[in-house]
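The structure appears below as structure tokens.
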Amino acid sequence: MHDHDDDPVAATIARTRLVTRTRDAATARNAILHTFLVRGLEVTGSSDFTFEETLTGTPLLTLESTSCTGTVRGEVDATAAIVLVWLKAGHAVVGGQQLPIGRPVLYSPGRQQVQWDRFQKDVLRIDREVVERVAAERGGWEPGPLEFEPNHIPDGAPLAAWWLMVRTVAAEILGTTGEVSLAREHELAAMAAAGLLTAIPHWPARVDAPRTAHAGLADAETFLLDHVAERISVDDVAAAAGMSVRGLQSAFQRIHGTTPMAYLRSVRLLMARQQLETGQHAAVADVARSVGITHLGRFSGAYREEFGELPGETLRAARERHA
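Heads up: the sequence shown at position 99 corresponds to 378 in the numbering used here, and the numbers run straight through without jumps.
This is the structure:
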């Protein structure tokens with residue numbers, strides 16, 4: 280980190296990118312050991328073995344993408360940071376839990392056995408202190424160690440909120456390397472932490488941790504996601520959270536980088552996309568209504584702006600894939 284003219288606003292942090300591509304299992308093993316603390320690591324494969332890993336980030340926030348045609352096994356220690364993984368293809372078992380495709384799973388703190396077979400996966404690491412600070416601000420308790428619901432697999436609106444965060448954060452992480460603003464990196468890490476905390480139930484490890492009067496942000500998020508398919512206003516959200524509208528807007532801007540209603544709109548669009556990609560729905564209108572969108576013309580325009588195609592195109596492509 281560098282400080283320019285003692286101005287904390289100008290402080291920067293180095294965002295690096297490390298790429299490993301190899302057909303050699305020993306080289307792949309060394310790359311994994313650089314990324315994770317793993318005991319008893321074994322990397323094996325046949326004559327078609329390939330391994331590719333791209334690691335981009337800072338000590339506060341890192342995104343890793345890995346693909347491998349072999350098998351990786353060992354005991355991972357995830358004590359140093361909060362680590363989430365989502366399997367994109369292949370087969371994986373982490374801590375005795377078989378990972379589903381396309382759902383974020385939290386590594387338990389401490390050691391756990393892992394095995395990955397012919398896989399593609401992404402991993403997000405967030406500084407533990409940042410997660411504890413954001414959890415305290417959202418939940419209204421003093422910062423400190425957290426406990427998470429074990430083996431939780433998010434679905435529905437919390438899953439859409441998670442992907443909304445990933446899209447926003449990943450675009451910036453992958454878009455710029457070198458010296459970046461330390462203040463902005465803290466904002467990105469906080470945004471990543473909020474996405475994690477929205478997706479995975481959690482609570483302070485201290486059972487007697489007192490809640491304070493400003494515990495409204497988590498309540499606001501819960502209300503939004505619980506009523507995602509209903510017609511609600513920013514006044515409804517503020518009332519449910521026991522906050523003023525101005526306070527709610529400020530908290531959302533600080534943690535999510537957007538307004539509560541824009542956040543709700545993006546979650547609805549992502550939920551609609553998740554449903555359309557199953558190819559199981561008869562009509563786009565049914566999907567739109569199921570996530571609380573009643574104006575189909577605006578929905579189509581917003582959907583195309585967000586995803587680069589019309590909702591009907593997503594549905595047709597999904598049906599063709601599943602046919």
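Where a beta carbon is used, it is the ideal one built from N, C-alpha and C, also for glycine.
What separation, rounded to the nearest whole angstrom, lies between the Cα atoms of residue i and residue j?
i	j	result
V393	R352	5 Å
P539	G324	48 Å
R612	T350	For residue 612 there is no data in the structure shown, the boundaries of the chain being 280 and 602.
T333	I380	20 Å
R510	A478	22 Å
L340	P433	21 Å
V362	L555	29 Å
T501	A304	45 Å
S512	Q559	31 Å
A492	S460	Low per-residue confidence applies at A492: pLDDT is 45, beneath 50, and the placement is therefore not dependable enough to give any value.
T456	I292	10 Å
A289	R463	10 Å
E535	S326	The sequence shown places His at residue 535, rather than the Glu named in the question. Computed Cα separation, rounded: 46 Å.
A541	L438	17 Å
F531	V507	16 Å
A603	P383	For residue 603 there is no data in the structure shown, the boundaries of the chain being 280 and 602.
L425	D514	31 Å
V355	V373	9 Å
A519	L527	11 Å
What three-state label does DSSP hand residue i in the structure shown?
i	result
T557	coil
H493	Reliability of the predicted coordinates at H493 is poor, the pLDDT of 49 falling under 50, and the value obtained from them is presented with this limitation in mind. Residue state, collapsed to three classes: coil.
S387	coil
F427	strand
T295	strand
T538	coil
R463	helix
Do residue i and residue j have their C-beta atoms closer together than 8 Å?
i	j	result
L496	L543	no
A473	V524	no
G423	A484	yes
T337	R294	yes
Y386	A415	no
A360	R404	yes
A551	V566	yes
A251	V409	Any property of residue 251 remains undetermined from this structure, which presents the chain solely from 280 to 602.
T299	F330	yes
Span of the alpha helix (DSSP H) holding residue i?
i	result
E451	G435 to G454
R397	From DSSP, R397 is part of no alpha helix (DSSP H) but of the beta strand (DSSP E) over R390 to D406.
V459	From DSSP, V459 is part of no alpha helix (DSSP H) but of the beta strand (DSSP E) over G457 to S460.
L527	V524 to H535
I311	A304 to T314
G381	That residue, G381, is in no alpha helix (DSSP H); it is neither H nor E in DSSP.
E509	Note, E509: premise wrong, no alpha helix (DSSP H); not H, not E.
A581	L575 to F586
V566	V563 to S569
A596	P590 to H601
Span of the beta strand (DSSP E) holding residue i?
i	result
P483	H481 to P483
Chain D beta carbons: is any one of them nearer than 8 Å to that of residue i?
i	result
A581	The structure shown contains no chain D, having only a single protein chain.
- Query: At which residue ranges does the region 318 to 371 contain complete beta strand (DSSP E) runs of 3 or more residues, listed in the order of the chain?
  - Reply: 330 to 336 and 340 to 356
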